[in-house]
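In this note's numbering, the protein residues as written are 23 to 326.
All C-beta atoms in this analysis are idealised placements derived from N, C-alpha and C, irrespective of residue type, glycine included.
Bear in mind that the values here come from a model prediction, so they are computed numbers and not experimental data.
Put into structure tokens, the structure is as follows:
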């Protein structure tokens, strides 16, 4: 039996909003009407589509239906545009999962270029680059900046380049944990120092500092750490001596030149990024992908 796209849209709205009540408010109907539509859709496909917890969670079958709803909405918009009926339909919504460092540096430039000429709504979901693929798979996102070169189901993938990070700490941190910062040298940063001196992680899934520590022969699980979940504020935390961290090169260079931070040595850590986008014949997604690729080419280390 064909899937009713309007019922599928109801499911996607419930997943977006997290509860039936919130979805009902967005759709200007009653929660009972939303519940009836979901029941009808589940009867139609013969499978359970939603786990009714707070927030709601789509089942694996529900994720597939949500992906269908996202793609149908784009195709509907493309058809309306071809028929000159854009004004009769709502602006399409594209949901993109992006890691925080990309959002704070190069990605918003791509989005600005895209929205300058396209009448579309964009929702950005901030998530670690290792986790954005999960949002694609669940149907929560139509496109994503990910760390995986392997395409998610129903998606195309393309390399973007790499973010590059260098280890740095403030003179105050150096003075507390090593010695006189006026005579600082990276070779003074030994495993004994790194084992007891605090670092700053973005969040509990941040592996940048841990990767650098392992390369220096230090077990990251045994070292103290702070958490600062903002790209900008993490750099400020390093500058103020709260801990050391891996800083984006474009952040670190002016801070190193001014003496606000000191280099800790070791190899830079690079994070390869990939663009994954739903395989839907959509000029909107094509333009978005083009804007993302051009912005990445200007800002990221090119893939070898």
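By the three-class DSSP mapping on this structure, what secondary structure does residue i have?
i           : result
residue 248 : strand
residue 69  : coil
residue 84  : helix
residue 24  : coil
residue 293 : strand
Cβ of residue i within 8 Å of Cβ of residue j?
i           : j           : result
residue 327 : residue 262 : Any answer about residue 327 is impossible in this case: the structure gives the chain only from 23 up to 326.
residue 266 : residue 244 : no
residue 193 : residue 256 : no
residue 165 : residue 94  : no
residue 291 : residue 132 : no
residue 169 : residue 253 : no
residue 32  : residue 56  : yes
residue 216 : residue 235 : yes
Which one or two residues does DSSP pair with residue i in a beta bridge?
i           : result
residue 145 : 117
residue 268 : 189
residue 167 : 297
residue 181 : 296
Could you compute how far the alpha carbon of residue i sits from the alpha carbon of residue j?
i           : j           : result
residue 105 : residue 304 : 15 Å
residue 139 : residue 311 : 14 Å
residue 271 : residue 123 : 11 Å
residue 300 : residue 309 : 13 Å
residue 137 : residue 211 : 46 Å
residue 100 : residue 307 : 11 Å
residue 279 : residue 121 : 27 Å
residue 197 : residue 119 : 40 Å
residue 277 : residue 224 : 19 Å
Counting C-beta neighbours from all protein chains within 10 Å, is the total for residue i 16 or more, i.e. buried, or is it exposed?
i           : result
residue 65  : exposed
residue 202 : exposed
residue 218 : exposed
residue 35  : buried
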